[in-house]
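*Asks:*
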Amino acid sequence: MKGPWPAPKVDRYEALSAKYAQDWPAWGHRKIAALMRADGHAVSDSTVERALRRRGLLLPVGFRADRRAWAKAIDWPCRIGCEPTAGVSLDQRGLLT
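Start counting at 1 in the sequence shown, then tack on 1172, and there's your number in this note's numbering.
Take a look at the structure:
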């Protein structure tokens, strides 16, 4: 009988991956894994992806494309150094508020 295979690395890093994902909600599993590696943890992209999937924290497919489309929809009045249109702001996840 084939069953769920043990995943000790995913078990070990699940809580930590979830903490990073909650601290950086707009980041995908690859950037979170890179940040974890920069902080000294030996994780792979797939380990972080599996850990986040277990907790339901994976971003939907096309999330970045949606953010880019929303950014283009905002009528930014000028280039570098100017304030965006009054009353329009983005939250930490990059969504319009």
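Built from N, CA and C at the ideal position, the CB exists for glycine as well.
These numbers were taken from a predicted model, which means no experiment stands behind them.
Would you mind listing the alpha helix (DSSP H) stretches within the stretch 1190-1249 that are 4+ residues and don't spill past its ends, in chain order?
*Replies:* 1201-1210, 1217-1227, 1235-1245
*Asks:* According to DSSP, simplified to helix, strand and coil, what is Pro1178?
*Replies:* The three-state secondary structure of Pro1178, taken from DSSP, is coil.
*Asks:* Measuring only the C-alpha atoms, how far is Glu1186 from Gly1212?
*Replies:* 16 angstroms
*Asks:* How long is the line joining the alpha carbons of Ala1210 and Lys1203, rounded to whole angstroms?
*Replies:* 10 angstroms
*Asks:* Should Leu1188 be counted as a contact of the ligand HEM given a C-beta to heavy atom distance under 7 angstroms?
*Replies:* The ligand HEM is not part of this structure, which contains no ligands at all.
*Asks:* Please report how far the alpha carbon of Ala1179 lies from the alpha carbon of Val1233, in whole angstroms.
*Replies:* Straight-line measurement puts the Cα of Val1233 at about 25 angstroms from the Cα of Ala1179.
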